[in-house]
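Residue numbers (our numbering): 368 to 531. Where is the CB? At the ideal position from N, CA and C, for every residue including glycine. Keep in mind that this is a model prediction, so the values were computed, not measured.
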């Protein structure tokens with residue numbers, strides 16, 4: 368980590384703090400103490416970062432990310448601790464559909480197993496296990512009540528095989 372990394376990171380964090388309403392500029396504004404309290408870290412760690420004395424440790428970085436509402440991944444990359452290549456985005460594979468799949472179609476369990484890296488010889492077992500935890504679409508329908516945002520679940524009773 369260079370002093371340039373520390374400077375750039377501190378400027379970015381300061382901007383985030385100001386955007387989120389922390390008064391870090393006035394001596395008696397209380398912003399440094401407030402963010403430290405909300406993050407559960409020592410005020411000195413926040414002060415050292417803002418004065419460009421030292422980079423926060425990983426736990427402090429994680430806690431500040433939570434309070435500031437940014438992904439820890441972004442904090443680690445911006446701090447210069449890791450590169451984007453070293454810390455692959457776990458959602459990248461979701462950006463584009465798998466080759467040969469329709470856009471908007473729910474992936475099959477076999478496709479999910481492949482995306483997750485389940486070895487080919489274990490995919491059948493993966494599918495059988497996961498199927499046990501998924502609701503049968505004939506048994507449960509979920510409706511979104513748009514008026515107040517509540518999710519209503521209606522159980523639809525399906526006759527057991529052989530019973531009428």
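*Between the C-alpha atoms of residue 379 and residue 395, what's the straight-line distance to the nearest angstrom?*
What you label residue 379 is simply residue 12 of the chain shown in a count that begins at 1. What you label residue 395 is simply residue 28 of the chain shown in a count that begins at 1. If I take the Cα positions, the gap works out to 22 Å.
*Just confirm the distance between the C-beta atoms of residue 430 and residue 406, as a whole number of angstroms; I'd bet it's less than 8 Å.*
Taking the chain shown and counting its residues from 1, one reaches residue 430 at position 63. Taking the chain shown and counting its residues from 1, one reaches residue 406 at position 39. With a Cβ gap of about 4 Å, residue 430 and residue 406 count as contacting.
*For residue 449, which residues of its own chain have a beta-carbon under 6 Å away from its beta-carbon, when the five flanking residues on both sides are left out?*
Walking along the chain shown from the start, residue 449 turns up at place 82. Same-chain partners within the cutoff: 443.
*Pairing CB atoms from the region 384-398 with CB atoms from the region 420-428, are three or more of them under 8 Å?*
no
*asked:* Among the candidates 484, 477, 404, whose CA atom is the shortest distance from the CA of residue 497?
replied: Taking the first residue of the chain shown as position 1, residue 497 is located at position 130. The shortest Cα separation from residue 497 among 484, 477, 404 belongs to 477.
*CA-to-CA distance, residue 370 to residue 398, given in whole angstroms*: Within the chain shown, numbered from 1, the residue matching residue 398 stands at position 31. Within the chain shown, numbered from 1, the residue matching residue 370 stands at position 3. Those two C-alpha atoms are separated by around 24 Å.
*asked:* Output needed for residue 427: all residues of its chain with C-beta closer than 7 Å, excluding positions within five of it in sequence on either side, in chain order.
replied: Here the question's residue 427 lines up with position 60 in the chain shown. 408, 412, listed in sequence order.
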